[in-house]
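Peer 1:
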């Protein structure tokens, strides 16, 4: 029997403040973008910084914590799994990949209020939950 792993670990800054939303069944979720940076030297030996944007979704209690304590620019450690959704646009199948956050650690003291800046928060999202609002159209 073969094993498989679907695990993502990111450290980055939020692109916007998370906003609490609810599914049709009333389950809380929060979606936001997370920026990670990498550096390299180009052909002219100049330092170049590249930013990669990731779509993050948090469910239930973790979504509530994100909405309450995180803000645009907050630095977090994010642990989760990749989830790909499909949709059809103009007759062509499109794919959209996001990270379902399962654990989060706040790494700065921005907007933490009464929560410690380095506390771990985790959530056990439902495997089959998909959000139609996360599609880019």
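Numbering (the numbering used here), first residue to last: 223 to 359. Just so it is clear, CB atoms sit at the ideal spot from N, CA and C, and this is done for glycine as well.
(1) Taking the alpha-carbon positions, what's the residue 307 to residue 280 distance?
(2) Pull up the distance between the alpha-carbon of residue 299 and that of residue 231, whole angstroms please.
(3) Report all residues from its chain with a CB closer than 8 Å to the CB of residue 255; omit the five preceding and five following residues, and keep chain order.
(4) Please list the terminal residues of the continuous beta strand (DSSP E) segment that includes residue 249.
(5) Looking only at its chain, what residues have a beta carbon closer than 6 Å to the beta carbon of residue 260, apart from the 5 residues adjacent to it on each side?
(6) Quick one: what does DSSP say residue 286 is sitting in, helix, strand or coil?
(7) Leaving out five residues on either side along the sequence, give the residues of the same chain with a beta carbon under 8 Å from the beta carbon of residue 240.
(8) Among residues of its own chain, excluding the 5 on either side of residue 303, which ones have a beta-carbon nearer than 8 Å to its beta-carbon?
(9) Kindly give me the distance between the Cβ atoms of residue 282 and residue 249, rounded to whole angstroms, as I take these residues to be in contact under 8 Å.
(10) Taking DSSP as the reference, what is the three-state secondary structure of residue 226?
(11) To the nearest angstrom, report how far apart residue 233 and residue 263 are at their CA atoms.
(12) Whole angstroms are fine: how far does the CA of residue 305 sit from the CA of residue 226?
Peer 2: In brief:
(1) 16 Å
(2) 7 Å
(3) 236, 237, 238, 275, 276, 277, 278
(4) Segment: none, residue 249 is in no beta strand (DSSP E) and carries neither H nor E.
(5) 272
(6) helix
(7) 252, 253, 254, 280, 285, 288, 289, 292
(8) 228, 229, 230, 321, 322, 324
(9) 7 Å
(10) coil
(11) 22 Å
(12) 14 Å
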